[in-house]
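Read the structure below first, then the notes.
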Amino acid sequence: MEGGGSLEPRTKREVCTTIGKNSDGLCAKKYNPTSSNDAVAFSLAATLCPLYTLGHDIEPMCICPLDLFFSNCSLAASTDRLIIQYGLIKTIDNKKLHIVVTDGRPFWQRRVVQDFKKNSRGGLDSQLDPVGGAGIGNLFKLKAMFNNWQLFFNPNIDNANSFIKKYDRKYAHEKEVSMRKAIFKQNIRLVKETNRRNLGYKLTINHFADRTPEEMKKYRGLHRRPEGKIGTIPFPYTESRLKEVASDLPVEYDARIYGLVSTVKNQEECGSCWTFGTTAAAEGALAKSNGGKLITLANQALVDCAWPFGAAGCDGGTDNAAYEWMQEYGLPTEAEYGPYANRDGFCHIKNMTKTYPIKGFTDVTPNSIGALKVALVNHGPLSVSIDADPISFNLYSSGIYYESTCDPRSLNHEVTLVGYGEKDGETFWIIRNSWGPQWGIDGYMHISSRENACGITTEPTYVVF
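Numbering (full-length UniProt numbering), first residue to last: 1 to 465.
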């Protein structure tokens, strides 16, 4: 902020006095200006305090969430120049959120907060001056920013240059810089607009925020199965048996709790998702068959070796190609074969001293929530094919994801289904992605079971040892 340093000495001073606590135990405070310069400095810093505090380590006074419009805050005392409501909000990374609404004379040039009155819940509402003009606009801007509070604590949110620095982007020329910044700004708008809509999930700016749709294909890589390719072992449940078994299933299930899921991986810019989903399914099935011992298997072997079965390494592949190769050769351990390399390599499966061939793989009855739950609890984790094309999928951060444009017939990405749960009466699936732990919920996503969202139930499979 221009001239930000000149505000720091004054705003660091203790200029407030406690006048009581509200029903939530939060302090209500008032500002006692010692001079007109102090008032101007404090008002400007306080109005911009989320950004200014992060940069200068100062803590001006704060208010309760703006989207409540003071509904659970006590009324702060005011002077002719400044009204402050105080509250403390902690973010997920334990940083403090500071937002202040003032009467705005020094900053907005209009008196925005005109009066307060009790609402139906006994809290306090604000009445805004209808002729506040720019002041009202700024107030609603602050409100929108609070609704996006998580984004405030990502220092890249409104600054493409900071994003470039954080992710160490090296663009070829100024034309590309302009192109990337334009994509970044479009995604900023998408994140903010989506998060304001209270859809049940949130987006954020992550390492995909400057990528084109064409480039994102490299972070997927699933090809559709050739016609006629199906599971080698039939799904062993009739419809009546499914209903019987499903009635005894737990309300929630998470294979991670049972030690059946290895750590989140990152495929990077190699279209090898088809190896991560299928390898995870094999790891879980192997652990179930050997007394619960989880062994990390080498999906790099599939990248290097499954070409004769129709796969193409980093240029993509199918789940059936992976499974057919596993039947023929068996996956080796990562410790012996080597870690994932983010590139095609030379196959050296014949040099391995130990591999784990599978008996086959099973296609779960498609488009059935009950069948998928039964398969997951009794045979999972599962490898599932989904549509990961929507930009909102790339920028997912938290919550239960549901995107109407996600096509359950357009399967282009392979992930691992590890669990399911319920929230507010809605069932969701827990999937492990292969985009690293910095994506989503530490590398995972909660996705709605409604309308076969993104194709979770279209083509799920599990491994049999």
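For each residue, glycine too, the CB sits at the ideal point set by N, CA and C.
Hey, residue 429 and residue 447 are a contact pair by Cβ (cut 8 Å); roughly how many whole angstroms apart?
-> 5 Å
Straight-line CA distance for residue 198 to residue 400?
-> 11 Å
Since residue 408 contacts residue 387 with CB under 8 Å, what's their CB separation in whole angstroms?
-> 7 Å
6 Å Cβ shell around residue 160 - same chain, five flanking residues per side excluded | 181 and 184
With residue 265 as the anchor, note down where its beta strand (DSSP E) starts and where it stops.
-> Run containing residue 265: none; DSSP gives neither H nor E here.
Following the continuous alpha helix (DSSP H) through residue 193, name the residue where it begins and the one where it ends.
-> 174-196
Span of the alpha helix (DSSP H) around residue 326 | 319-328
Name the DSSP bridge partner or partners of residue 445?
-> 431
Could you spell out where the beta strand (DSSP E) holding residue 415 opens and where it closes?
-> 413-423
Do you know how far the Cα of residue 218 is from the Cα of residue 519?
-> The structure shown does not extend to residue 519, since the chain spans only 1 to 465, so no value can be given for it.
By Cβ distance below 6 Å, which residues in the same chain neighbour residue 225 in space, the five residues on each side in sequence not counted?
-> 318 and 320
Backbone CA spacing between residue 427 and residue 205 [nearest angstrom] = 27 Å
Separation of residue 364 from residue 417, as counted between CA atoms | 12 Å
So, residue 380 versus residue 356, is the Cβ gap smaller than 8 Å?
-> no
Can you give me the Cβ contacts of residue 368 inside the same chain, cut-off strictly under 7 Å, excluding the 5 residues immediately before and after it?
-> 457
Which residue from 278, 216, 207 and 323 puts its Cα closest to that of residue 229?
-> 323
Quick one: what does DSSP say residue 254 is sitting in, helix, strand or coil?
-> strand
Residue 328 versus residue 372: straight-line alpha-carbon distance, rounded | 27 Å
Whose C-beta lies closer than 7 Å to the C-beta of residue 412 among residues of the same chain, with five residues either side of it excluded?
-> 220, 222, 387, 388 and 389
Looking at the structure shown, is residue 203 part of a helix, part of a strand, or coil, going by DSSP?
-> strand
Grab me the residues of residue 194's own chain with a C-beta within less than 6 Å of its C-beta, minus the 5 sequence neighbours each way, in chain order.
-> 203
Under the rule that 16 or more other beta-carbon atoms within 10 Å means buried, what is residue 393, buried or exposed?
-> buried
If we ignore side chains and look at the alpha-carbon of each, how far apart do residue 440 and residue 268 end up?
-> 15 Å
In its own chain, which residues sit with a C-beta less than 6 Å from the C-beta of residue 265, not counting the 5 before and 5 after it?
-> 276 and 434
Identify which residue in 262, 244, 395 and 304 has its Cα closest to the Cα of residue 293.
-> 262
Pair every Cβ in the segment 290-307 with every Cβ in the segment 342-350, then say whether three or more of these pairs are closer than 8 Å.
-> yes
Would you report the Cα separation of residue 232 and residue 172, rounded to the nearest angstrom?
-> 48 Å
Span of the alpha helix (DSSP H) around residue 410 | Taken as a continuous stretch (DSSP letters only), residue 410 belongs to no alpha helix (DSSP H), as it is neither H nor E.
Beta-carbon gap between residue 332 and residue 359 smaller than 8 Å | no
With a 10 Å radius around its C-beta and 16 neighbouring C-beta atoms as the bar for buried, classify residue 191 as buried or exposed.
-> buried
Decide if residue 462 is buried, meaning its Cβ has at least 16 other Cβ atoms within 10 Å, or exposed.
-> buried
Leaving out the 5 sequence neighbours to the left and right, which residues in its chain are closer than 7 Å to residue 326 when beta-carbon positions are compared?
-> 282, 357 and 358
Residue 163 versus 196, 403, 209 and 189, residue with shortest Cα-Cα distance = 209
Considering residue 400, what are the terminal residues of the beta strand (DSSP E) in which it resides?
-> 396-401
Would you tell me roughly how many angstroms separate the C-alpha atoms of residue 338 and residue 298, rounded to the nearest one?
-> 7 Å
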